[in-house]
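Undergrad: Note that my numbering has the sequence shown beginning at 3, numbered continuously upward. First the structure, which I've put down as structure tokens, then a few questions once you've had a look.
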Amino acid sequence: MRQALTCAARDGYKVIVHVGDLKVLWYDEYPDYPEPGGFTAELARLLEELGLAFIFVDGNHDVHPKLRALLLNMDGFGVISDRLLYAPRGHRWNFGGVRFGALGGAYSIDRYRGTEGRDWFLEETTVPSDVGLLGTEPLDVLITHDVPAGIDVETMFDLPEALERESYIVRSLLRDAVRNTEPKLVFSGHWHQRRTGLMPGLETRVHVLDKEYKAGNLVSLDLDSLTVEDYKPV
């Protein structure tokens, strides 16, 4: 994370947008936040040092009760620090005339390995009311964690039918959100692979980003042309 942010600041970027599973405010690792220490406080300090703003949506591996309890600023972001901001589900904002929307959340297909309330949370899944909050006004860019149905992804392991069905419910809701808002671009993650594809019947291109430390987990977006290029922090 430090290398990527340092290189981005050096290369002139001002805003980082993260597609979820940032894992800030995690209970076990950051029990004393906002006291100094831990990943969350270190990230906030680094952003201040580099002069970067960092906006993120929630993934399934995030502490949803704490994110939902954050106070919102005048722009509708949940505030961890002046530069570290959470974009709640359904939130919209504008960068230089480019219309952004947020619709985080996903179903943890590995939840059976963990404990509810510690490793995963019921609030992790995107629900129909989240799609309703996003609305139907057009967007240019939609930031999600899971990948909308209609874009093929490879599963990391064989899923029981029940888990596959639960996972697909979220993906179907994201597809509905894309159809409602018809963004030019969608950025997502969750499936730990780099893929791009066009949504069936739409002109929306979806960029699926790989996991941290993998090639293809970072891209740059030109706000004037909405062109996307893979970014390598070197």
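No residue lacks a Cβ here, since even glycine has one placed at the ideal position from N, Cα and C.
Tell me which residues share the same chain as Y170 and place their Cβ nearer than 7 Å to its Cβ, disregarding the 5 neighbours each side in the sequence.
TA: The residue you call residue 170 lines up with position 168 of the sequence shown. Hits under 7 Å: A151.
Undergrad: Out of N219, V26, L105, state which residue places its alpha-carbon closest to the alpha-carbon of V180.
TA: Counted from its first residue, the sequence shown places residue 180 at position 178. Relative to V180, the option among N219, V26, L105 whose CA is nearest is L105.
Undergrad: What would DSSP say about G145, mapped onto helix, strand or coil?
TA: For the purposes of this step, residue 145 is taken as residue 143 along the sequence shown, with counting starting at 1. Just to set this straight, residue 145 is Ile in the shown sequence, not Gly. Strand, per DSSP.
Undergrad: Leaving out five residues before and five after P38 in sequence, what residues of the same chain have Cβ atoms less than 7 Å from its Cβ?
TA: The count along the sequence shown starts at 1 and reaches residue 38 at position 36. The predicted position of P38 is uncertain, since its pLDDT is 46 and thus under 50; a value taken from the coordinates is nonetheless stated next. Excluding residues within five positions, none has a Cβ falling inside 7 Å.
Undergrad: Is it right to say E126 is buried, meaning 16 or more other beta carbons lie within 10 angstroms of its own, or is it exposed?
TA: For this step, residue 126 is matched to residue 124 along the sequence shown. Burial call: buried.
Undergrad: Residues in the same chain with beta-carbon distance under 6 Å from F189, minus the five sequence neighbours each way, listed in chain order, please.
TA: Position 187 of the sequence shown, counted from the start, is the residue given in the question as residue 189. Within the same chain, F189 has close Cβ partners V21, I145, H209.
Undergrad: Could you have a look at V210 and say whether DSSP puts it in helix, strand or coil?
TA: Counting from 1 along the sequence shown, the entry for residue 210 is found at position 208. Looking at V210 - three-state DSSP - the assignment turns out to be strand.
Undergrad: Determine, using beta carbons only, whether L225 and F97 come nearer to each other than 8 Å.
TA: By one-based count along the sequence shown, residue 225 stands at place 223. By one-based count along the sequence shown, residue 97 stands at place 95. Yes.
Undergrad: State whether the stretch 5–21 contacts the stretch 41–58, with contact taken as three or more CB pairs (one from each stretch) at a distance under 8 Å.
TA: yes
Undergrad: Tell me the DSSP secondary structure of E118 in three-state form.
TA: Position 116 of the sequence shown, counted from the first residue, corresponds to residue 118. Three-state DSSP puts E118 in a strand.
Undergrad: Which residues share a DSSP beta bridge with V188?
TA: One-based indexing of the sequence shown puts residue 188 at position 186. Per DSSP, L144, V208.
Undergrad: Under a Cβ-count criterion, where at least 16 other Cβ atoms within 10 Å of its own Cβ denotes burial, should D84 be classed as buried or exposed?
TA: Taking the first residue of the sequence shown as 1, we reach residue 84 at position 82. The residue is exposed, with fewer than 16 neighbouring Cβ atoms inside 10 Å.
Undergrad: Using a Cβ-Cβ cutoff of less than 8 Å, which residues in the same chain neighbour A11 once the five nearest sequence positions on both sides are dropped?
TA: Here the question's residue 11 lines up with position 9 in the sequence shown. Scanning its chain for C-beta atoms nearer than 8 Å, with the 5 sequence neighbours on each side dropped, one finds around A11 the residues L52, G53, L54, in chain order.
Undergrad: Thinking D148 and P185 are a contact (beta carbons under 8 Å), I'd like their distance in whole angstroms, please.
TA: The count along the sequence shown starts at 1 and reaches residue 148 at position 146. The count along the sequence shown starts at 1 and reaches residue 185 at position 183. Not really, about 15 Å apart at Cβ, beyond 8 Å.
Undergrad: Flag this pair as yes or no: are the beta carbons of L187 and T128 separated by less than 8 Å?
TA: For this step, residue 187 is matched to residue 185 along the sequence shown. For this step, residue 128 is matched to residue 126 along the sequence shown. For L187 and T128, no; Cβs fall outside 8 Å.
Undergrad: Check whether the Cβ atoms of H66 and D23 sit closer than 8 Å, and answer yes or no.
TA: Locating residue 66 in the sequence shown gives position 64, where the first residue counts as 1. Locating residue 23 in the sequence shown gives position 21, where the first residue counts as 1. Contact: no.
Undergrad: By a C-beta neighbour count over all protein chains shown, 10 Å radius and 16 as the cutoff for buried, is G103 buried or exposed?
TA: Here residue 103 refers to the residue found at position 101 when the sequence shown is read from its first residue. G103 is buried by the Cβ-count criterion.
Undergrad: Assuming D178 is part of the alpha helix (DSSP H), what are its boundary residues?
TA: As a first step, residue 178 must be located in the sequence shown, where it is residue number 176. Run containing D178: 163–183, per the alpha helix (DSSP H) assignment.
Undergrad: Can you give the Cα-Cα distance for R70 and P202, rounded to whole angstroms?
TA: Taking the sequence shown and counting its residues from 1, the one referred to as residue 70 is at position 68. Taking the sequence shown and counting its residues from 1, the one referred to as residue 202 is at position 200. So the two alpha carbons sit approximately 33 Å from each other.
Undergrad: What does a CB cutoff of less than 7 Å around K68 pick up in its chain, not counting 5 residues either side in sequence?
TA: Walking along the sequence shown from the start, residue 68 turns up at place 66. L27, listed in sequence order.
Undergrad: State the Cα-Cα distance for the pair D160 and G14, rounded to the nearest angstrom.
TA: By one-based count along the sequence shown, residue 160 stands at place 158. By one-based count along the sequence shown, residue 14 stands at place 12. The straight-line gap from Cα to Cα measures roughly 42 Å.
Undergrad: Starting from H66, trace the alpha helix (DSSP H) in both directions and tell me its first and last residue.
TA: Along the sequence shown, one-based indexing puts residue 66 at 64. Element bounds for H66: 66–70.
Undergrad: Identify the continuous beta strand (DSSP E) that holds T198 and give its terminal residues.
TA: Taking the sequence shown and counting its residues from 1, the one referred to as residue 198 is at position 196. 197–200 is the extent of the beta strand (DSSP E) around T198.
Undergrad: Would you decide whether Y88 is buried or exposed? Buried here means 16 or more other CB atoms lie within 10 Å of its CB.
TA: Translated into positions along the sequence shown, residue 88 becomes position 86. Answer is buried; the Cβ neighbour count reaches 16.
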